[in-house]
Amino acid sequence: IRAQSRLLKLGKSLVVGEVFIYSGSDPDPIAHATATYSIPPKS
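When the sequence shown is numbered by the working numbering, its final residue is 316 and no position is left out of the sequence of numbers.
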């Protein structure tokens, strides 16, 4: 299993990224995920 990720957007309060997961040497991904992270405000 291998994975490839990339950052789609880095803002002041949000980060958006995606991950493709591959099985062996197959060039087609077996899974795709996106994630959004909320950056906590500075105290």
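Yeah, the Cβ is synthetic: ideal placement off N, Cα and C, and Gly gets one too.
For F293, which residues of its own chain have a beta-carbon under 6 Å away from its beta-carbon, when the five flanking residues on both sides are left out?
Here the set comprises Q277, P302 and H305.
Using CA coordinates, which residue listed in I274, Y295, S286 and T307 is at the minimum distance from K315?
Measuring from the Cα of K315, the nearest candidate turns out to be S286.
Given this structure, state the Cα-to-Cα distance separating P300 from I274, to the nearest angstrom.
Distance between the alpha carbons of P300 and I274 is about 12 Å.
Taking just the CA atoms, how far does A308 sit from Y295?
For Y295 and A308, the distance between alpha carbons rounds to 18 Å.
Would the beta-carbon of L283 fall within 8 Å of that of E291?
Not a contact, by the Cβ cut-off of 8 Å.
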